[in-house]
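Read the structure below first, then the notes.
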Amino acid sequence: TLASSLGLKGRVILSRHGINGTLGGDLLDLKKYVKGLRLYAPFRGTDIKWSMGEALPDGTSALFPRLSVKVRDEIVTFGAPDELEVDDDGVVGGAPRLTPEELHALVEREDVVLLDGRNAVEAEIGRFKDAVVPGVEATHEFIDVLESGALDHLKDKTVVTYCTGGIRCEVLTPLMRSRGFTDLYQLDGGIARYGETFGDDGLWEGSMYVFDARDTVEFSDHTAVVGRCDHCGTPTKDVVDCADGGCVRQMVRCAACAALEHRCDRPR
């Protein structure tokens, strides 16, 4: 493949609904990949987000161990593959997209609720000011939360959903529409694009969690630390894996507590 021939590493998910992926490598090689990708007509308008990472001595990405391409039933695992419809214009029923500037304009003139479309641990270390955080541990729990009535008080409000890069909200908003949420928007490009635009001088507070070896991304040299170690309460942005080999849960832990054997409180 083009990606492997250029020595790129990363993760790519393919589904009947679309493609989502993150690739890392030398900047020149990544530019060659994007140029090659856009030679193929269906990918000509692909939304590409750029972010700095770390390199190994041979110039390949240190963020991923290998190039992984997987086929899944869903592009995002909400647990509702048959609910999502996609046509030539994109996701059917998805909410209108707002640029970062349009989000600010909307917030200034209306009573708007920002809804975090990510997992709880991601929101613990960074989130939009006064955002509603559903507190799910995994994406597939969102539908249960929506159908439980826990967010019904938002159905008569203007709601803007956001996530890391925007892909989860592309799927979440039509799922919300079908469950009675009508005045919906989504942040175009997610937190990543917002951070590129306003850094830490807008509505965003804290670090952005990312699914690679960096763990977090900061948008300035004055990023606030909003996370708290769930063991001792010390301010931190660090996230660690549970030490129990059979558990996939992550926790917010400061460096001192992370140096100890750390296990979550989930029953075993």
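Numbering (my numbering), first residue to last: 64 to 331.
All residues carry an ideal CB built from backbone N, CA and C; glycine is no exception.
Taking CB distances under 8 Å as the criterion, tell me whether I206 reaches chain B.
Absent from the structure: chain B. Only one protein chain is present.
Cβ-Cβ separation, T224 to L178 (assumed contact under 8 Å), whole Å:
Position 115 of the sequence shown holds residue 178. Position 161 of the sequence shown holds residue 224. Sure, about 5 Å apart at Cβ, within 8 Å.
At the level of alpha carbons, what is the spacing between I254 and A158?
If you number the sequence shown from 1, residue 254 lands on position 191. If you number the sequence shown from 1, residue 158 lands on position 95. Roughly 17 Å between the two C-alpha positions.
Considering Cα atoms alone, identify which of R231, V134 and V315 is closest to T297.
The residue given as residue 297 occupies position 234 in the sequence shown. When C-alpha distances from T297 are compared across R231, V134 and V315, the shortest belongs to V315.
So, N182 versus E200, is the Cβ gap smaller than 8 Å?
The residue labelled residue 182 in the question sits at position 119 within the sequence shown. The residue labelled residue 200 in the question sits at position 137 within the sequence shown. Cβ atoms of N182 and E200: closer than 8 Å.
If you drop the 5 nearest sequence neighbours on each side, which residues of the same chain put their C-beta closer than 8 Å to that of I111?
As a working mapping, residue 111 is identified with position 48 in the sequence shown. Once the five neighbours on either side are set aside, the close Cβ partners of I111 are V97.
For the beta strand (DSSP E) that V175 lies in, which residues bound it at each end?
Position 112 of the sequence shown, counting from 1, holds the residue named residue 175. Residues V175 to D179.
Contact between the segment 201 to 220 and the segment 281 to 292 (3+ Cβ pairs under 8 Å):
Touching, no, given that fewer than three Cβ pairs across the two stretches are closer than 8 Å.
Is there contact here, the segment 90 to 106 with the segment 148 to 156, by at least three beta-carbon pairs under 8 Å?
Verdict: no, contact absent.
Tell me, to the nearest whole angstrom, how far the beta carbon of I206 is from that of L238; I am working on the premise that it is less than 8 Å.
Taking the sequence shown and counting its residues from 1, the one referred to as residue 206 is at position 143. Taking the sequence shown and counting its residues from 1, the one referred to as residue 238 is at position 175. Sure, about 7 Å apart at Cβ, within 8 Å.
Thinking C-beta only, is S114 closer than 8 Å to G189?
Your numbering for residue 189 matches position 126 in the sequence shown. Your numbering for residue 114 matches position 51 in the sequence shown. Taking 8 Å as the Cβ cut-off, G189 and S114 do not qualify as a contacting pair.
What does the Cβ neighbour count give for G276, buried or exposed, with the cut at 16 atoms within 10 Å?
Stepping through the sequence shown from its first residue, residue 276 is reached at position 213. Residue identity check: residue 276 is Ala in the sequence provided, not Gly. Exposed is the call here.
Give me the residue from E185, I138, V175 and A104 with the minimum Cα distance to V280.
Here residue 280 refers to the residue found at position 217 of the sequence shown. Nearest option by C-alpha distance: E185.
Taking V222 and V176 to be in contact with their CB atoms under 8 Å, please state how far apart those CB atoms are, rounded to whole angstroms.
Here residue 222 corresponds to residue number 159 of the sequence shown, with the count starting at 1. Here residue 176 corresponds to residue number 113 of the sequence shown, with the count starting at 1. Between V176 and V222 the Cβ distance is about 5 Å, and since that is below 8 Å, they are a contact.
C-alpha distance - T299 paired with C317, whole-angstrom precision:
Reading the sequence shown from its first residue, position 236 is the one you call residue 299. Reading the sequence shown from its first residue, position 254 is the one you call residue 317. Distance between the alpha carbons of T299 and C317 is about 5 Å.
Quick one: what's got a C-beta closer than 7 Å to G180's C-beta in the same chain, skipping five residues either side?
Residue mapping note: residue 180 aligns to position 117 of the sequence shown, counting from 1. So the list reads T224, Y225, C226, R231, C232 and L235, once near-sequence residues are dropped.
Span of the beta strand (DSSP E), counted from its first residue to its last, around S68:
Start at 1 with the first residue of the sequence shown, and residue 68 comes out as number 5. Secondary structure note for S68: it is in no beta strand (DSSP E), and the uninterrupted alpha helix (DSSP H) holding it is L65 to S68.
Who are the near neighbours of P163 in its chain, counting only those whose CB is closer than 7 Å to its CB and skipping five residues on each side?
Indexing the sequence shown from 1 puts residue 163 at position 100. Closer than 7 Å at Cβ, skipping near neighbours: R256, Y257, T260 and F261.
Are the beta-carbon atoms of I82 and K133 separated by less than 8 Å?
Residue numbering aside, residue 82 sits at position 19 when the sequence shown is read from its first letter. Residue numbering aside, residue 133 sits at position 70 when the sequence shown is read from its first letter. The Cβ-Cβ distance between I82 and K133 does not fall below 8 Å.
Beta carbon of G99, beta carbon of L65: below 8 Å?
Taking the sequence shown and counting its residues from 1, the one referred to as residue 99 is at position 36. Taking the sequence shown and counting its residues from 1, the one referred to as residue 65 is at position 2. Taking 8 Å as the cut-off, the Cβ atoms of G99 and L65 count as close.
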